[in-house]
Each structure stands twice: as structure tokens, then as C-alpha cells.
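Below is one structure, written out as C-alpha cells; the observations come after it.
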Amino acid sequence: MKFIEFTRRFYDMEVNGIGLAVFRMVYTIILMCEIVQIYYFRHLIFDGIPFVEPAEINFAIPIGIWFLSVCFLLFGLFTRFFSILNYIMGLVLIGSINTYEYHVFYAYMGINFLFMFLPVSQCFSLDRLLIKLKYSNTTFQYNPPQKISQIYYFIPVLSGLALVYVDSVFWKLGSPMWYNGLGVWEPSSLPMITHNNTSWLLNNEIAVKFLGYLTIAFETVLLFLFFRKRWRLPLIIIGLGLHVGILISFPIPWFALTACAIYILIVPISFWEKIFRVKVKSPALKVYYDTECPLCVRTKITVEHLNQNRKIKFLTVQYDAQENNSLQHIGQEVLLGDIHSVDRKGKVYTGIDTYVQIMGHIWCLIPLSIFLRLPGIYHLAKTVYGYVAENRNTERCTDDNCGYTPPQIVDDSKFKLLHNITLRDLKFKLIHFYIVFALIVQSLLIYKSYVSEHIKELVGLNDTQVDLAMEKTISFVEKVSKTFLGITHHVVFTDKIHFDGYNHIIAVTYVQKDGSEKFLPIINEKGMPSTYLYSFNWVKWTFRVNGRNVDQAKLEKGVRDFTAFWAHKNGVSLKDAKFEIRVKKIESSSVWKENHLKSQMNKPWIYGGFIDWENNQFTSHIKNIESL
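If you use the working numbering, the sequence shown corresponds to residues 126 to 753, in order.
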């Protein structure tokens with residue numbers, strides 16, 4: 126009962142929805158970047174052999190639909206429909222990616238699921254603008270409420286960060302790399318894992334061990350502190366520092382930035398209110414409009430909705446124009462006949478020029494303002510505008526032709542579904558069910574962690590019938606929860622799975638016709654990830670094509686796919702092409718060493734065999750990497 130009351134308290138607390146809208150925009154931009162990368166590498170991901178054995182369907186179309194749905198979410202237009210489409214397309218496409226999947230895919234699925242239910246378009250959205258236009262006229266301007274339940278801020282944090290961290294801790298505490306303080310140092314000291322040389326930090330043993338232990342402590346407490354006001358600032362600083370560090374060190378930018386985006390929801394709402402309520406003392410542009418013209422009023426509502434920086438101020442022709450010296454020589458009849466504006470220098474703009482100036486002061490419309498200034502485009506726009514202005518509705522509003530009809534807002538606290546359950550109660554029950562369900566499922570998944578394995582060994586439960594039944598049940602639950610909600614286990618960077626015995630770096634070079642070699646943008650000359658190895662490609666090449674123990678069949682298949690993709694993108698014919706394998710033998714270390722990263726980068730490349738493409742047929746002559 127206490128947990129229900131605790132949850133209800135945040136549900137009943139209404140706050141401004143600005144922060145959730147900022148999160149929506151930042152998150153969708155990051156997701157769009159991921160989708161663009163998936164689109165570019167779609168043949169590598171989905172083809173049998175890139176450009177040689179095409180996929181059964183053209184994945185460009187569903188990926189394009191997914192991108193379009195996220196674009197609509199970015200601007201908050203038809204949000205409910207496109208949030209559902211976004212979830213479905215993510216489910217289909219991410220579900221189709223097997224060996225290329227990586228950690229942030231689960232976060233996408235969890236957040237995309239929540240987007241279907243969260244009021245993400247309450248602020249800064251075109252949906253909000255449409256509602257304003259629908260219920261406003263020359264005598265009344267409707268302003269939809271901005272308040273939302275505070276719990277809507279906390280649910281994505283719970284799903285996308287807090288539960289992820291808690292599960293991760295149960296793996297880290299069973300990993301020698303982490304409990305010895307090397308969780309930050311060891312991954313960053315292997316060239317194929319990091320894309321930046323951060324030896325300046327890695328060579329400070331105290332600092333990197335402190336960061337390793339701080340990560341464990343932070344991930345342990347976030348679940349219990351993120352909703353408490355007094356703790357938000359330190360949590361934001363540490364959390365952003367952690368993920369900016371990931372952004373700098375590892376080639377998984379969308380993972381790091383997605384986590385940073387979620388921290389927006391912990392930022393105090395008063396911060397966003399102060400930012401977006403800043404008023405400009407002297408507006409850059411004063412626009413004069415006819416208060417009795419329906420089209421003019423709709424223009425004012427639209428511009429003011431987009432004009433968040435308050436650089437544009439609307440004044441009336443009827444009451445304010447006569448006070449402006451720049452307009453005194455213009456008769457009121459002329460002012461009423463077309464829209465006028467005056468900038469800070471007193472320059473007067475009329476008609477299409479006013480709209481060009483308006484767009485130039487609204488950040489999202491600046492490109493359109495520049496476009497409309499182009500010769501030819503400007504004259505065409507002026508002609509079209511003149512036609513619209515000449516044929517606009519000039520009929521003045523009366524109670525008969527544009528009387529105000531208030532919106533039908535349902536009070537969910539009074540709207541009864543059953544004799545004792547209101548719509549608001551039902552919403553709360555569903556939210557509470559999701560939170561409890563997520564907590565239970567994540568707790569069950571912890572059963573598979575390193576810490577749980579140690580406990581099972583101590584009590585003699587390991588490999589018993591009860592243990593096997595639990596494992597089977599949890600595996601089924603995880604398969605469903607991971608696919609549909611993004612709730613899964615989080616074995617992120619542990620020595621037992623990722624680094625122990627990882628003693629090689631594999632690069633591929635193209636043998637050009639003159640005999641010279643060119644490194645493919647997979648692993649560069651230093652042994653570090655190159656331009657191809659970001660996000661899912663990095664995970665694919667580093668831990669699935671390669672890995673601690675090389676599977677020669679997987680290695681050959683991976684080399685085949687990457688070389689075929691690169692060859693097509695660079696105009697290299699696979700009728701006759703030769704690629705050589707270069708191997709850098711390195712040492713993973715379970716103890717701190719100074720300049721370990723530099724020493725591994727300086728290891729020499731050795732010959733690891735070659736592969737041939739003849740008439741689009743692949744032949745491998747790769748040596749046994751483990752025996753080199």
C-alpha cells in the first residue's frame with residue numbers, strides 16, 4: 126500500500142510539460158541519426174551478401190517510413206498516430222537485426238513503447254498549435270493547458286536508466302575487472318575498444334580507479350534517488366559525466382547521447398521554465414495586424430507559437446500603428462489591406478517581405494527565410510502571396526459567423542467508466558501496473574547475473590531442477606520483455622565475457638592494382654575503430670565477427686560481408702579483388718599498467734592471410750588467428 130501511495134503522490138502532482146517536450150525533441154533527433162546509419166548500412170545488415178545476394182525485400186522503404194514517423198514526432202504533429210507507427214517500425218526493423226543488435230536498441234524499444242502513452246506533445250508541438258487554431262477566433266485565443274502529471278517525467282528514467290543500472294551492477298560486482306577498480310581503465314586501454322587516445326587519464330591510476338568505483342556506486346543508488354529534488358543536481362552531473370566519458374572513449378555515440386537525453390527528465394522543471402520564459406526587452410521585429418481579420422489572427426497565433434525566443438511582437442493596426450513614427454505616413458486603410466512590420470532600425474516591410482523577416486527570426490524557419498530570398502523564388506512567392514492576400518476572407522467576425530465554441534475537455538477525475546472507477550483512476554492503475562511489472566521483470570532477470578551465480582553456488586542451487594526451471598522461465602520472460610519493452614539483462618563491459626584473453630586486433634586491407642595496400646575503414650593503422658565501426662557495426666565486428674576467442678567461420682563470413690559492402694561503395698569490382706588480413710597481437714591486462722594503451726597501439730601488424738573475390742565468388746585463405 127505504501128508503494129501505491131508513493132506512486133500516487135507523483136501521479137497527482139501536476140507540473141509544466143516543457144521538460145518532457147525538450148526530451149521528445151532531443152531523443153527523436155538522436156533516434157533519427159541512428160536510423161540514418163541503419164539506412165546507409167542496410168545492405169550490410171540485411172543482405173545475404175551485401176549487394177551480391179540482396180535481401181528478399183527492399184529495406185529502404187520501411188526504414189524510410191520509420192524515419193518519417195520520427196520526423197513527425199520531432200515536431201509533435203499527429204503524435205499519437207506516429208508514436209504507434211514509430212513503435213511498430215522499430216519493433217519490425219530492430220527485431221530483424223540479429224548479429225548487429227547492441228545495447229541502445231533495447232532503450233529505443235522501451236522509450237518508443239512509452240511514447241505511445243506519454244503526453245509528449247503537450248508543449249512545443251504542432252499538435253498544440255492545431256488545437257489553438259481550432260478553438261480560437263478574432264475575439265478569443267485558446268491556450269491549451271501545459272500541465273502534466275510529474276510521474277510522466279519519471280517513467281522513462283526508470284525504464285531507460287535506473288533499471289538498466291541496477292541490473293548492470295549485479296554483473297559488475299561479480300566481475301574482477303570492476304571490483305578491482307579497472308572497469309573504466311581496461312576497456313579504454315585496448316585499441317580496438319576505444320576510438321580516442323585518453324592516456325592522459327588512463328595513466329592516472331587513482332583517478333581511473335575512483336571513476337570505476339564511482340560508476341558502481343552511482344548505478345546502485347540512482348534508482349532510489351532520481352525522484353528526490355535535493356539529489357537531482359549531483360545525479361545529473363555524475364550521470365552526464367559518465368555518458369560523456371562513454372561518448373569520448375567508445376564508438377557508440379547514440380548509446381551515450383540517448384542516456385544523456387534521458388537525464389533531461391531529471392533536470393528541475395523550473396530550469397526549463399526560466400529558459401523558455403525569457404522575454405526580450407526590445408523585440409527585433411514588430412508586426413502590425415488587423416485584429417478583425419481571421420487570417421491575420423491565425424497568422425499571429427501561428428507565429429507566436431513558434432516564436433519561443435520572443436523576438437517578434439504583434440501589435441494591432443487599430444490601436445498601436447499610429448504610435449509608430451515609421452508608419453505614420455501610411456494610411457490605416459493601407460495598413461488594414463496588408464500585413465506590415467518594422468525592425469529595430471525603423472525599416473518597414475510589407476506583405477511577403479514581412480513573412481521573410483518573421484521566418485528569419487524563428488530558428489526552425491531560418492532555412493525557409495533564406496530560400497525565399499533567392500531570385501526567382503522570391504518573385505514567385507510574392508506573386509502567390511499577392512493572390513492569397515487579394516482573395517482572403519475579409520468578412521468581419523460576428524456572433525453568427527465565428528462565435529467561439531469551447532473545446533470538449535474531459536475531466537478524467539469525474540468521467541466514470543464504471544460505478545466506482547474514473548478515467549483518471551484507470552490511467553493510474555495502468556501506470557502503476559507498468560512500474561510494478563518492470564520492477565518484477567528486471568528483478569527476475571538479475572537471477573542470471575554473476576552475483577546470483579555466486580550465491581547459487583554457495584547455497585548449492587546451481588544446476589538443480591529448480592535452477593534449470595527458473596532459467597527456462599526467465600529466458601522466456603526475457604525474450605518477450607526484451608522484444609516488446611526493451612527490458613533485458615545488461616552485461617555491459619565485463620572481463621569474463623568481453624576482454625579476458627582478447628589478444629588480437631584484426632584489420633583488412635585492399636590490395637590495389639599497383640600493389641599498394643589501403644586499410645578499409647574498419648580498423649585503422651593504429652588498431653583503433655575507423656569510420657565504419659560506430660554503433661552496431663562496432664559491436665558486430667569487435668565481439669561477433671571477432672571476440673575473445675576467434676570463430677574462424679564467423680570471422681570469414683564477417684570479412685566477406687564487410688569487404689563486399691566496402692567494394693560496392695568504393696566502386697571496386699568483385700570480379701577480381703584481393704584483400705589481406707592484418708593482425709596485431711596485443712595483451713589484455715587484469716592489473717593497471719602505465720601507458721598500456723600506447724604500448725598496444727605500437728604493436729606491429731603481422732600477416733594473417735588473404736581473401737579473394739573472383740566473379741562475385743568469395744574465397745578465404747585466412748590463417749588461424751589464435752595460433753599466430
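Each residue gets a CB set at the ideal place from its N, CA and C atoms; glycine is no exception.
What you are looking at is a predicted structure, and each value in this text was computed from that prediction instead of being measured.
Exercise. Take the Cβ of Ile400 as the centre, count every other Cβ of all protein chains shown within 10 Å, and call the residue buried at 16 or more, exposed below.
Key: exposed
Practice problem: Starting from the Cα of Asn674, find the closest Cα among Gly366, Thr479, Asn749, Phe743 and give me that residue. | Solution: Asn749
Exercise. Output the distance between the C-alpha atoms of Phe176 and Arg167, rounded to the nearest integer angstrom.
Key: Approximately 10 Å, taken between the alpha carbons.
Quiz item: Taking the DSSP output, what are the residues bridged to Ser466?
Solution: Val412, Tyr474
Self-check item: Gly528 classed as buried or exposed, judged by whether at least 16 other C-beta atoms fall within 10 angstroms
Solution: Interpretation of Gly528 is limited by its pLDDT of 49, a score under 50 that renders its predicted location unreliable; no figure is taken from the coordinates.
Quiz prompt | Three-state secondary structure (DSSP) of Asn141 | solution = Strand at Asn141.
Quiz item: What is the C-beta distance between Tyr164 and Ala185, in whole angstroms, given that I count them as a contact (C-beta under 8 Å)?
Solution: 7 Å
Quiz item: Between the segment 687-697 and the segment 274-293, do at least 3 Cβ pairs fall closer than 8 Å?
Solution: no
Exercise. With a threshold of 16 other CB atoms inside 10 Å of the CB of Phe579, please say whether the residue is buried or exposed.
Key: The sequence given here has His at residue 579, not Phe. Exposed: under 16 other Cβ atoms inside 10 Å.
Quiz item: Are Leu218 and Pro244 touching if we call contact CB-CB under 8 Å?
Solution: At least 8 Å separates the beta-carbon of Leu218 from that of Pro244.
Practice problem: Look at Ile648 and Phe687 and say whether their C-beta atoms are less than 8 Å apart. | Solution: The beta carbons of Ile648 and Phe687 sit no closer together than 8 Å.
Practice problem: In the DSSP assignment, find the unbroken alpha helix (DSSP H) run with Gly734 in it and report its ends. | Solution: Run containing Gly734: none in the alpha helix (DSSP H); it sits in the beta strand (DSSP E), 730-739.
Exercise. Output the distance between the C-alpha atoms of Asp625 and Glu681, rounded to the nearest integer angstrom.
Key: 22 Å
Quiz item: For Ser641, does the count of other Cβ atoms within 10 angstroms reach 16, so buried, or fall short, so exposed?
Solution: Within 10 angstroms of the beta-carbon of Ser641 lie fewer than 16 other beta-carbons, which makes it exposed.
Exercise. Give the DSSP bridge partners of Arg707, in chain order.
Key: Ala632, Tyr732
Quiz prompt | Under the three-state DSSP convention, the category Lys99 falls into | solution = Residue coverage of the chain in this structure runs from 126 to 753, which leaves residue 99 outside it and unanswerable.
Practice problem: Tell me whether Lys709 is buried or exposed, calling it buried when 16 or more other Cβ atoms sit within 10 Å of its Cβ. | Solution: buried
Quiz prompt | Between the CA atoms of Phe200 and Ser250 - distance to the nearest angstrom | solution = 6 Å
Quiz item: Which residues in the same chain as Ala743 place their Cβ atom closer than 6 Å to its Cβ, once the five residues preceding and following it in sequence are excluded?
Solution: It is Phe, not Ala, that sits at residue 743 in the sequence shown. Contacts found: Arg685.
Quiz item: Among Tyr635, Ala702, Glu650, Thr619, which one has its Cα closest to the Cα of Gly672?
Solution: Nearest neighbour of Gly672 by Cα position, chosen from Tyr635, Ala702, Glu650, Thr619, turns out to be Thr619.
Quiz item: Three-state secondary structure (DSSP) at Ile129?
Solution: helix
Quiz item: Ser300 by DSSP, collapsed to three states: which one?
Solution: coil
Quiz item: What alpha helix (DSSP H) runs, 4 residues minimum, are completely inside the segment 316-364?
Solution: 324-327, 330-350
Quiz item: Out of curiosity, what's the CA-to-CA distance linking Val147 and Ile747?
Solution: The alpha-carbon atoms of Val147 and Ile747 are separated by roughly 50 Å.
Practice problem: Can you give me the Cβ contacts of Trp356 inside the same chain, cut-off strictly under 7 Å, excluding the 5 residues immediately before and after it? | Solution: Leu350
Exercise. Less than 8 Å between the CB atoms is what I'm expecting for Thr132 and Ile560, so what's the real figure, rounded?
Key: 6 Å
Exercise. Give me the Cα-Cα distance between Gly734 and Ile331, rounded to the nearest whole angstrom.
Key: Gly734 and Ile331 have their C-alpha atoms spaced approximately 42 Å apart.
Exercise. Quick one: grab the DSSP three-state call for Asp187.
Key: In the sequence on display, residue 187 carries Pro and not Asp. Here Pro187 sits in helix by DSSP.
Quiz prompt | Rounded separation between Leu286 and Ile387 - CA only | solution = 8 Å
Practice problem: With DSSP as the reference, label Lys272 as helix, strand or coil. | Solution: strand
Quiz item: So with Cβ pairs under 8 Å, would you call Ser713 a contact of chain B?
Solution: Structure shown: chain B not included; a single protein chain is present.
Quiz item: Tell me which same chain residues have a C-beta within less than 7 Å of the C-beta of Val617, skipping the five on either side of it?
Solution: His228, Ser293
Quiz item: If we call anything under 8 Å between Cβ atoms a contact, is Thr383 one with Ala232?
Solution: yes
Practice problem: Assign Lys665 to buried or exposed, taking buried as 16 or more other Cβ atoms, counted over all protein chains shown, within 10 Å of its Cβ. | Solution: buried
Quiz item: Does DSSP put Lys643 in a helix, a strand or coil?
Solution: strand
Self-check item: For Thr812, the three-state DSSP class (helix, strand or coil)
Solution: Residue 812 is absent from the structure shown; the chain starts at 126 and stops at 753.
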